[in-house]
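In the numbering used here, the protein residues as written are 8 to 468.
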C-alpha cells in the first residue's frame, strides 16, 4: 500500500510535515530504507544520523535507523546535534552521507529530514526521485541489518571552530537560542572563544515555550533586544531551531539582517581572497552587490534556497555565499555548508577588532525596505502567476528585469521582487528603495502588474 506516505512531505529542499499526521513513523522508516538503498548504490556504506531537540525526535530517529539498516547500510548515530554539526560529522567520520531529523524553525508539531548523500545535499528532482522509491516501497532488503554505532562529534566540532577563529579581545555577548538545539552548543562554543555569554532560552525544549526559534522575524528578537538594553553585552546573536541560521542585533536594538551581515563578511573574505566571487540570493539588498564590487569582489546573484545556493557554491568554488533567510556559507576556512554558530564566530572575529562593534554594524549601507511579504495562492498558482508576469508585465521605468528566480525588477532607485515560494503556495514579494517615495512608486508599479494578472489578489502591501 502506498497510502502510508503523504506526497506533501517531499518539499523542494527537504522532507517536512506534521508528526503522526503526514510525517508518520512508517513514512520515516520507508524513507530510511530508500536512503539506505541509494547510499549503497553510490558506494556509501554508512549514513550518519542526528536529530534536533524536538520531542518527536527519538521515535523518528528509531524509525529512520531501522529503515536504513534494513537495506544493509550501516548507521552512525551522533545523537542530538545542530544540523551543521551533522554536516561536519559526515566529513569527520568519512561517510559523505547523513540525515538530520529536524523541523528547523517550524512549530513544535512539525519535524522533517535534511539529507546529504555522497557529499551532495538532496533537493529538487533528487527528493522527488526519493519520493517515488518511498511510495513504491521498492528499496531492497538485506538478509541482515546493517551495523549500528554511536559517535560524539561535539568536541571535534568545537575544536574545529576554536582552531580556526581567533578573537582579538574578549567580548560580552547575549545569545538567544529560542529553546532550539543550538542552546546546547552555542554558549559553550563562544565561551571557548573567549566570550562572556548572557544566555536566553538556551535550555533545549521542543515545545519552544518562550518564542518561536526563527530570527528572521523581528518579534522573535524582542527578548534579545531587551537583554542588550539591560546588560553590558555588546552584541546579540540568535539562532533558528536547528542552528543553521544566524540573527544579529546591535546594542541599540537594531536588527542587522543577513544581507547586511554579508557586507561585513564579504569585506573580511575579500581581504584574504582579492577579486573573489561572492554569491547571494535574489532577495538581498542592492547594497550588497555594490559593497562586494567596491571591495574588489565579483557579485553573483542566484536563486533562493539553501540547497540551490550550496550547489552554486560547489560549482563555482566561491569562498562565501549567503541568502536573506540567514543561511551563510563560508567556503574559505570552513567546508562550504551553512552554519549559524560558525557564522556567529566569524562575525565576532571581525567585531573583536573594533572598539564599538555596534557602530560598525549600524554603519553598514542600508535602505528603505519591506520584510518578505506573502500573497497566498492556490497550489501551483504562484508559479503560474510569475510566468504571466514574465510574459505580460510592462515595467516601464525598469533598468533591468532579472528572471533567474521569479521576477526581480531593478530601477534606478530600488527594486521589486515577486517569486514563487518553493515550499508553500505563496507568492513572495520584497521591495527596497533609496527613500519612502521611491518605495511607494515601485510598489505601485508592482500592484498594477500583479492586479493585471490576478484581479482578485489581496495584496499584502
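We treat Cβ as the ideally placed atom computed from N, Cα and C, and that holds for glycine. Note that the structure is a prediction, hence the values are computed from the model and not measured.
Item checked: Cα-Cα separation, residue 398 to residue 130 -> Their Cα atoms are separated by approximately 28 Å.
Check: Any idea if residue 324 is buried or exposed, counting beta-carbon neighbours within 10 angstroms, 16 or more meaning buried?
Finding: Exposed.
Note to self: Taking only three categories from DSSP, how would you classify residue 179?
What the structure shows: Shown here, residue 179 sits in a strand according to DSSP, grouped into three states.
Check: Since residue 57 and residue 88 are thought to touch, with beta carbons under 8 Å apart, how far apart are those beta carbons, to the nearest angstrom?
Finding: That pair is a contact at about 4 Å.
Next item on the list: Taking the CB atoms as reference points, tell me whether residue 205 and residue 240 lie closer together than 8 Å.
Entry: Their beta carbons are under 8 Å apart, which means residue 205 touches residue 240 by this criterion.
Note to self: Using only the alpha-carbon positions, how far apart do residue 194 and residue 106 sit?
What the structure shows: Computed Cα separation, rounded: 25 Å.
Checklist line | residue 103 and residue 78 closer than 8 Å at C-beta | finding: The Cβ atoms of residue 103 and residue 78 lie no closer than 8 Å to each other.
Notebook entry, point to check: Between residue 266 and residue 330, what straight-line distance do the alpha-carbon atoms span, to the nearest angstrom?
Noted result: When the Cα atoms are used, residue 266 and residue 330 turn out to be separated by approximately 7 Å.
Checklist line | Neighbour flag for residue 124 against chain C, beta carbons, 8 Å | finding: Here chain C cannot be found, since the structure has a single protein chain.
Check: Along the chain, which unbroken stretches of the beta strand (DSSP E) at least 3 residues long are found entirely within the region 250 to 287?
Finding: Counting whole runs of 3 or more residues, the region 250 to 287 contains the beta strand (DSSP E) stretches 253 to 257.
Item checked: Test item: CB-CB of residue 211 and residue 249 under 8 Å -> The answer is no: Cβ separation not under 8 Å.
Notebook entry, point to check: Is residue 308 helix, strand or coil when you go by DSSP?
Noted result: Three-state result, residue 308: strand.
Notebook entry, point to check: Can you tell me whether DSSP reads residue 53 as helix, strand or coil?
Noted result: Reduced to three states, the DSSP call for residue 53 is strand.
Check: In three-state terms, what does DSSP make of residue 196?
Finding: Residue state, collapsed to three classes: helix.
Next item on the list: Would you kindly report the start and end of the unbroken beta strand (DSSP E) that includes residue 427?
Entry: Counting along the chain, residue 427 sits inside the beta strand (DSSP E) bounded by residues 421 to 427.
Note to self: Please report the straight-line C-alpha distance between residue 9 and residue 141, rounded to a whole angstrom.
What the structure shows: Low local confidence applies: a pLDDT of 43 at residue 9 is under 50, so the model's placement there is unreliable, with the coordinate-based value given in what follows. Going from the Cα of residue 9 to the Cα of residue 141 covers about 8 Å.
Next item on the list: Use the C-beta contact count for residue 62: other C-beta atoms within 10 angstroms, 16 or more gives buried, fewer gives exposed.
Entry: Residue environment analysis places residue 62 among the exposed positions, since fewer than 16 neighbouring C-beta atoms fall within 10 angstroms of its C-beta.
Check: Who are the Cβ neighbours of residue 426 in its own chain at under 6 Å, not counting the five residues just before and after it?
Finding: These residues qualify, in order along the chain: 412, 413, 435.
Item checked: Residue closest to residue 230, alpha-carbon to alpha-carbon, out of 47, 349, 200, 262 -> Per the C-alpha coordinates, the member of 47, 349, 200, 262 positioned closest to residue 230 is 262.
Check: Where residue 224 and residue 296 are concerned, what is the direct C-alpha to C-alpha distance, given to the nearest angstrom?
Finding: One Cα belongs to residue 224, the other to residue 296, and the distance between them is close to 24 Å.
Note to self: Within 10 Å of its beta-carbon, does residue 311 have 16 or more other beta-carbons around it, so buried, or fewer, so exposed?
What the structure shows: With a threshold of 16 other beta carbon atoms within 10 Å, residue 311 meets it and is buried.
Check: Does DSSP put residue 118 in a helix, in a strand, or in coil?
Finding: Residue 118 falls in the strand class under three-state DSSP.
Notebook entry, point to check: Rounded C-beta distance between residue 251 and residue 346? I'm assuming under 8 Å.
Noted result: That belief holds up - the Cβ atoms of residue 251 and residue 346 are roughly 6 Å apart, short of 8 Å.
Checklist line | Straight-line gap, residue 357 to residue 34 (C-alpha atoms, nearest Å) | finding: So the alpha carbons of these two residues sit roughly 45 Å apart.
Notebook entry, point to check: If you pair each beta-carbon of the region 273 to 281 with each one of the region 382 to 399, do three or more pairs fall below 8 Å?
Noted result: They do not touch, by the three-pair rule.
Check: Which residue's Cα is closest to the Cα of residue 46: 81, 66, 163?
Finding: Per the Cα distances, 81.
Item checked: Rounded C-alpha distance that separates residue 387 from residue 291 -> Taking the straight line joining both Cα atoms gives about 25 Å.
Next item on the list: Tell me the start and end of each unbroken alpha helix (DSSP H) in the region 88 to 163 that is at least 4 residues and wholly inside, in chain order.
Entry: Counting only runs of 4 or more, we get 90 to 100, 132 to 143.
Note to self: Just to confirm the assignment: which complete beta strand (DSSP E) runs, minimum length 3, are found wholly within the region 187 to 237?
What the structure shows: You should have 202 to 207.
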